[in-house]
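Under my numbering, the first residue of the sequence shown is numbered 18, with each subsequent residue one higher.
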Amino acid sequence: MTEVILEARNLGKSFGGVRAVDNFQMELKRSELIGLIGPNGAGKSTVFNLLSGAVKPTDGSINIFGKDMTGKKMVDFAQAGIARTFQNIRLLQEQTVSENVLSAMHKSANRHLFTNLFHTKSYKKQEKILREKVDSLLQTFSLLEKRDELAVNLSYGDQRRLEIIRALGTDPEILFLDEPAAGMNPAEGKELVRLIEQLQKEYNITVVLIEHDMDVVMDLCKRVMVLDYGKLIFSGTPQEVMESDAVRLAYLGDDIDD
Ligand SMILES: Nc1ncnc2c1ncn2[C@@H]1O[C@H](COP(=O)(O)OP(=O)(O)OP(=O)(O)O)[C@@H](O)[C@H]1O
Ligand SMILES: [Mg+2]
Numbered sequence: 018m019t020e021v022i023l024e025a026r027n028l029g030k031s032f033g034g035v036r037a038v039d040n041f042q043m044e045l046k047r048s049e050l051i052g053l054i055g056p057n058g059a060g061k062s063t064v065f066n067l068l069s070g071a072v073k074p075t076d077g078s079i080n081i082f083g084k085d086m087t088g089k090k091m092v093d094f095a096q097a098g099i100a101r102t103f104q105n106i107r108l109l110q111e112q113t114v115s116e117n118v119l120s121a122m123h124k125s126a127n128r129h130l131f132t133n134l135f136h137t138k139s140y141k142k143q144e145k146i147l148r149e150k151v152d153s154l155l156q157t158f159s160l161l162e163k164r165d166e167l168a169v170n171l172s173y174g175d176q177r178r179l180e181i182i183r184a185l186g187t188d189p190e191i192l193f194l195d196e197p198a199a200g201m202n203p204a205e206g207k208e209l210v211r212l213i214e215q216l217q218k219e220y221n222i223t224v225v226l227i228e229h230d231m232d233v234v235m236d237l238c239k240r241v242m243v244l245d246y247g248k249l250i251f252s253g254t255p256q257e258v259m260e261s262d263a264v265r266l267a268y269l270g271d272d273i274d275d
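Printed below as a string of structure tokens:
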């Protein structure tokens, strides 16, 4: 049986009177590629915020690689192997493509290795390794020739890809992608699907993806979870989800007549 690497139990989050996430359950197994879908405001991004330590749960527990992470900080989640991208792109707009990736790597490298090693031989050696890693990631995502361009000058699709590279730079075990294809044209969306499949295979990463584009979800995910008003209303294969009356009702309200 494949190992469960992340487990959320009875997870809940209230913002004042709003129950953004309610009694949410999730078990992630290594190398899974899961879709998380649901109407606007269903609580999808809040689930990612909870599972990456960006917000603390009101109820329930989170266990990652056998460790209880409930109430821990974002840096603890990062150290446990979690990386994520944001629905609203968060890049260092006035820095170059490669600086953006390097700074994300330094954040995690500083934590792991480098404290107080500035300008030593070992630091310089590490720096060289990091730069080679940046270039190899940029190559994979076809951004190497834009390594010296400012992030602000990239197309929207390139900015989304750069966000994913930044997340990968921290060597995560589990990657949460919040609407990675938003704003991309269909060709860019297809290319993104291919890339996610490739990196999932190459790095053996477990991926959870929030995505409104059902073509992307159908192409990529073996399992899809559906949220509505903070609650998990369905979980199944993409085909089962497409055929579910409960899911159609959530998306279309009472507007179903065929
Ligand atoms: N920091 C916050 N403070 C107050 N309310 C919040 C906060 N974050 C989310 N909410 C509320 O929680 C609910 C779920 O929001 P969330 O952003 O998780 O939904 P979503 O499924 O990601 O929606 P979308 O598809 O529009 O991105 C919404 O009612 C939202 O207004
Ligand atoms: Mg969202």
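Backbone N, C-alpha and C fix where the C-beta goes; we use that ideal spot for every residue, glycine too.
Exercise. At a Cβ threshold of 8 Å, is Arg265 touching chain C?
Worked result: Note that chain C does not occur in the displayed structure, where there is just one protein chain.
Exercise. Going by the C-beta, is Ala37 closer than 7 Å to any heavy atom of ligand 1?
Worked result: Yes.
Exercise. How would you write the range of the alpha helix (DSSP H) that Ala204 sits in, first residue to last?
Worked result: Pro203 to Tyr220
Exercise. Going by other Cβ atoms of all chains shown within 10 Å of its Cβ, with 16 needed for buried, is Thr19 buried or exposed?
Worked result: exposed
Exercise. Mind checking whether the beta-carbon of Thr102 lies closer than 7 Å to any heavy atom of ligand 1?
Worked result: no
For this session: Taking only heavy atoms of ligand 1 into account, decide whether any of them is closer than 7 Å to the Cβ of Thr63.
Result: Proximity of the beta carbon of Thr63 to ligand 1 is indicated: a heavy atom of the ligand is located closer than 7 Å.
Exercise. Apart from the five residues on each side of it in sequence, which residues of its chain come closer than 6 Å, Cβ to Cβ, to Ala71?
Worked result: Met91
For this session: Can you check DSSP and say which residues form a bridge with Asn80?
Result: Glu24 and Asp85
Exercise. Given Val258, which residues of its chain have a CB within under 7 Å of its CB, disregarding the five upstream and five downstream residues?
Worked result: Val241, Val243, Phe251 and Val264
Exercise. Is it the case that the Cβ atoms of Val35 and Leu67 are separated by a distance below 8 Å?
Worked result: no
For this session: Could you please give me the residues that DSSP links to Ala100 through a beta bridge?
Result: Residue pairing from DSSP places Ala100 in a beta bridge opposite Leu192.
Problem set entry | Reference Leu226; option with closest CA among Lys218, Leu192, Asp262 and Asp245 | For Leu226, the nearest C-alpha among the options comes from Leu192.
Exercise. Would Ile22 pass as a contact of Ile81 if the rule is Cβ separation under 8 Å?
Worked result: yes
Problem set entry | Continuous alpha helix (DSSP H) assignments of at least 4 residues falling wholly in the region 41–68 | 61–68
Exercise. What is the residue span of the beta strand (DSSP E) that Asp245 lies within?
Worked result: Counting along the chain, the unbroken beta strand (DSSP E) around Asp245 starts and ends at Arg240 to Asp245.
For this session: Report back the beta-carbon spacing between Phe94 and Ser120 to the nearest angstrom; my notes put them in contact at under 8 Å.
Result: Not a contact, Cβ separation roughly 19 Å.
For this session: Tell me whether Leu221 counts as near ligand 1, meaning its Cβ is closer than 7 Å to at least one heavy atom of that ligand.
Result: The identity of residue 221 in the sequence shown is Asn, whereas the question assumes Leu. Not so, every heavy atom of ligand 1 lies at least 7 Å from the Cβ.
Exercise. What residues match up with Ile227 in a beta bridge as DSSP calls it?
Worked result: Leu53 and Asp195
Exercise. So does Phe251 have its beta carbon nearer than 7 Å to some heavy atom of ligand 3?
Worked result: Among the ligands modelled here, namely ligand 1 and ligand 2, ligand 3 does not occur.
Problem set entry | Contact set for Val210: own chain, Cβ-Cβ below 7 Å, skip 5 residues either direction | Val233, Asp236 and Leu237
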